[in-house]
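Novice: For reference, the structure I am asking about is given below.
2 protein chains.
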Amino acid sequence: MQLQFKNQYQDQKRILVALDSIIFGFDGETLKLLLVHRGIEEGQESWSLMGGWLNPSENLDAAARRILFELTGLNDIYLEQLYAFGDVNRDPIERTVSVAYFALINVPDYDKRISHTYDAHWFPISELPPMLFDHDRMVALAKERLRYKAALHPIGFELLPPKFTIPQLRKLYEAIFETTMDMRNFSRKILSTGLLIKLKEKQRGYSKKGAFLFQIDEEKYRKEMSSFLNFVGKP
Amino acid sequence: MQLQFKNQYQDQKRILVALDSIIFGFDGETLKLLLVHRGIEEGQESWSLMGGWLNPSENLDAAARRILFELTGLNDIYLEQLYAFGDVNRDPIERTVSVAYFALINVPDYDKRISHTYDAHWFPISELPPMLFDHDRMVALAKERLRYKAALHPIGFELLPPKFTIPQLRKLYEAIFETTMDMRNFSRKILSTGLLIKLKEKQRGYSKKGAFLFQIDEEKYRKEMSSFLNFVGKP
DNA sequence: ACAAAAGTGTTAGAGCTACACCCATGC
DNA sequence: GCATGGGTGTAGCTCTAACACTTTTGT
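Sequence lines, in order, name chains B and R. Oh and the first sequence: position 188 is 188 in the working numbering, straight run, nothing missing. Oh and the second sequence: position 23 is 23 in the working numbering, straight run, nothing missing.
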């Protein structure tokens, strides 16, 4: 690195960098969002996304993962950078750039002890309370991204337990897209990806007949994550 | 905002925030990238994306736009946030988070006087020189995003002049996807979007017969930008 | 035996791919 | 008059959407 550029660095203002995580969860019925209580502001209860500051010694992804762990007790979660929000007045206390991440978790896996420590709650995605700063914009964008990805990639699995049934998966997609889907077409389509491995076990209790459990073919899944094309014709 | 949170701000380290723009251009034949000369590093010529620092008084988008204007003299360009890069060691001089943007411009619109001022050059996307820091990762991600978007949205128009021909548009898509496309299928598909308005004029000079010029239906185009769905069945 | 959810097949229509010839013009 | 790129149509195939009945089993 040359000296001529070094001087540029001296004159610059450093800025606060935060991370905020939009944490989606699915409990088998509805799509939910995990929010932390922030007390009362301007006469209204206020909630916020789980957030924290970027430490100079950690990568962005690592910081997001650390914060996620602090709130949920979960490691090894699907986590993806969403967008950097940096409007000058988004945080009234001091100018802060926030890099938002979104995470997908299976609600029953979530450690409830932590919920008490942090005063966190799951809110159905359609009944969200007033939120801090621009957190509602973050959530809106995350919902869009979730749909976008779920439409092209089989990302929905991340929100379910390791073993799940086709009807569960359908309910999840119905929740994400806020629609209903034909059960025959859905199962044909999802099975045609070849990503599901049918197990011998059935899920019992929920229905009288019971539904077969499936697992993801992890290896194939990782590969597919990067392959899609649409508008392109074959050479 | 409550006092209890204010204290959190005091203890935090502020961090340098930069912006880098991946500027794609199309000249009618090949897809190109605009890079700025950075002298020689470790015995190799080094080039870099156009970048700058985030000023505490400007929004992220505004800063990216300012920087783009400084280099190209162009305003009112397609510009979209790509990703925030924040690895601890990405900039060896000081820890810097860089928010990358990608821009699409029509090469002939680009002001060449500026090119001399900044020692900037257009490189064909397939023959890129060694670049500063993690700029090659940024470019790789931008290429991916460009394809992703171009496959779903009619974003390619942004790289062409206001009036263009179908063969030009096809060449652009071929350049983006590094493939060839059947001209009949392509024009059917692109016309079926209803986004193109056929003009009475023909482009002359390039071919003997001449090709009809088209314009985008701006209004429709803005609307379509937000609508797409794929995996979802109708209710 | 009946209620409740799981599971399975078929058909019609839309959209995609592949493919070959004529057109308009400048030289 | 011929070379160059522009423009158009069709047939087969694949994918999607729409739709209803049978199976299993707990009560």
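Here a beta-carbon is modelled for each residue, glycine too, at the ideal position from N, C-alpha and C.
Which same chain residues, not among the five before or five after R145 of chain R, have their C-beta less than 7 Å away from its C-beta?
Specialist: Closer than 7 Å at the Cβ level, and outside the excluded window around R145 of chain R, lie L82, F102.
Novice: Could you work out which residues of chain B lie near L16 of chain R, taking near to mean beta carbons separated by less than 9 Å?
Specialist: Those within 9 Å of L16 of chain R in chain B are Y9, Q12, K13, R14, I15.
Novice: Where DSSP assigns a beta bridge to A120 of chain B, which residues make up the other side?
Specialist: For A120 of chain B, which the question treats as bridged, DSSP gives the partners B:V36.
Novice: Using Cβ-Cβ distances below 7 Å, what residues of the region 79-103 of chain B are close to chain R?
Specialist: Listed by position, the residues of the region 79-103 of chain B near chain R (Cβ gap below 7 Å) are Q81, Y83, A84, G86, D87, V88, P92, I93, E94, R95, V97, V99.
Novice: Applying a beta-carbon distance threshold of less than 7 Å, which residues of chain R neighbour P56 of chain B?
Specialist: Under the 7 Å cutoff, chain R gives K13, I15, R95.
Novice: Compare the beta carbon distance of A62 of chain R and G52 of chain R with 8 Å and say whether it is the shorter of the two.
Specialist: Contact: no.
Novice: Rounded to whole angstroms, what's the CA-CA distance from R222 of chain B to N106 of chain R? Just pull it up for me.
Specialist: Spanning the two alpha carbons is a distance of roughly 37 Å.
Novice: Let me see if you follow: with CB-CB separation under 8 Å, is V53 of chain R close to chain B or not?
Specialist: Looking at the sequence provided, one finds Trp at residue 53 of chain R rather than Val. Closer than 8 Å: yes.
Novice: Any beta-carbon of chain B closer than 8 Å to the one on N59 of chain R?
Specialist: At least one chain B Cβ lies under 8 Å of N59 of chain R.
Novice: Cα-Cα, which of B:K32, B:L16, B:D111 is closest to E178 of chain B?
Specialist: Residue B:K32 is the option with its Cα nearest to E178 of chain B.
Novice: Evaluate contact between the region 9-18 of chain B and the region 90-102 of chain B, counting only Cβ atoms and requiring at least three cross-stretch pairs below 8 Å.
Specialist: Verdict: yes, contact present.
Novice: Considering Cα atoms alone, identify which of B:I176, B:L169, B:I40, B:I197 is closest to L184 of chain B.
Specialist: Per the sequence shown, residue 184 of chain B should be read as Arg rather than Leu. Among B:I176, B:L169, B:I40, B:I197, the Cα nearest to that of R184 of chain B is on B:L169.
Novice: According to DSSP, A62 of chain R sits in a beta bridge with which residue or residues?
Specialist: BP columns for A62 of chain R are empty, so no partner.
Novice: What are the uninterrupted segments assigned as beta strand (DSSP E) that are 3 or more residues long and contained completely in the region 90-162 of chain B, given in chain order?
Specialist: Complete beta strand (DSSP E) runs here, min 3: 96-106, 120-124.
Novice: Check whether the region 71-82 of chain R and the region 33-52 of chain B are in contact - that is, three or more C-beta pairs closer than 8 Å.
Specialist: The region 71-82 of chain R is not in contact with the region 33-52 of chain B.
Novice: Going by beta-carbon coordinates alone, are F24 of chain R and D91 of chain R separated by less than 8 Å?
Specialist: No. Outside cutoff.
Novice: Could you tell me which residues DSSP puts in a beta bridge with I216 of chain B?
Specialist: DSSP, once it has assigned bridges, lists B:L196 as partnering I216 of chain B.
Novice: Nearest-angstrom Cα distance between I67 of chain R and N55 of chain R?
Specialist: When rounded, the distance between both Cα atoms is 11 Å.
Novice: For the putative contact between L199 of chain R and F186 of chain R, defined by C-beta atoms under 8 Å, what is the C-beta separation to the nearest angstrom?
Specialist: That belief does not hold up - the Cβ atoms of L199 of chain R and F186 of chain R are roughly 19 Å apart, past 8 Å.
Novice: Secondary structure at K202 of chain B, three-state DSSP: helix, strand or coil?
Specialist: DSSP places K202 of chain B in strand when its eight states are reduced to three.
Novice: Assuming L160 of chain R contacts L172 of chain R under a Cβ cut-off of 8 Å, what Cβ separation, rounded to an integer in Å, is found between them?
Specialist: Right, the Cβ-Cβ distance comes to about 6 Å (below 8 Å), so this counts as a contact.
Novice: Kindly indicate the opening and closing residues of the alpha helix (DSSP H) around E80 of chain R.
Specialist: Per DSSP, E80 of chain R belongs to no alpha helix (DSSP H); it is in the beta strand (DSSP E), 78-85.
Novice: Within a Cβ cutoff of 7 Å, which residues of the same chain sit near P167 of chain R, ignoring the five residues on either side of it in sequence?
Specialist: So the list reads A211, once near-sequence residues are dropped.
Novice: Is it buried or exposed for S126 of chain B, if we count other Cβ within 10 angstroms and need 16 for buried?
Specialist: S126 of chain B is exposed by the Cβ-count criterion.
Novice: Could you tell me the distance, in whole angstroms, from the CA atom of D136 of chain B to the CA atom of M50 of chain B?
Specialist: About 13 Å.
Novice: Between L60 of chain R and F123 of chain R, is the Cβ-Cβ spacing less than 8 Å?
Specialist: No, they are not a contact pair.
Novice: Quick check: the Cα distance between G28 of chain B and Q12 of chain B, rounded to an integer number of angstroms?
Specialist: Their Cα atoms are separated by approximately 50 Å.
Novice: Among B:G86, B:R204, B:T180, which has the Cα closest to the Cα of T30 of chain B?
Specialist: Looking at the Cα atoms, B:T180 is the closest of the given residues.
Novice: Give me the Cα-Cα distance between Y118 of chain B and Y110 of chain B, rounded to the nearest whole angstrom.
Specialist: Cα to Cα, the separation comes out at about 13 Å.
Novice: Along the chain, where does the beta strand (DSSP E) containing L238 of chain R start, and where does it finish?
Specialist: Only positions 1 to 235 of chain R appear in the structure, and residue 238 of chain R is not among them; the question remains open.
Novice: So, with DSSP's three-state summary, where would you put F164 of chain R?
Specialist: Reduced to three states, the DSSP call for F164 of chain R is strand.
Novice: To which residues of the same chain is S48 of chain R closer than 7 Å at the C-beta, ignoring the five residues directly before and after it?
Specialist: So the list reads L35, V36, R38, M131, L132, H135, once near-sequence residues are dropped.
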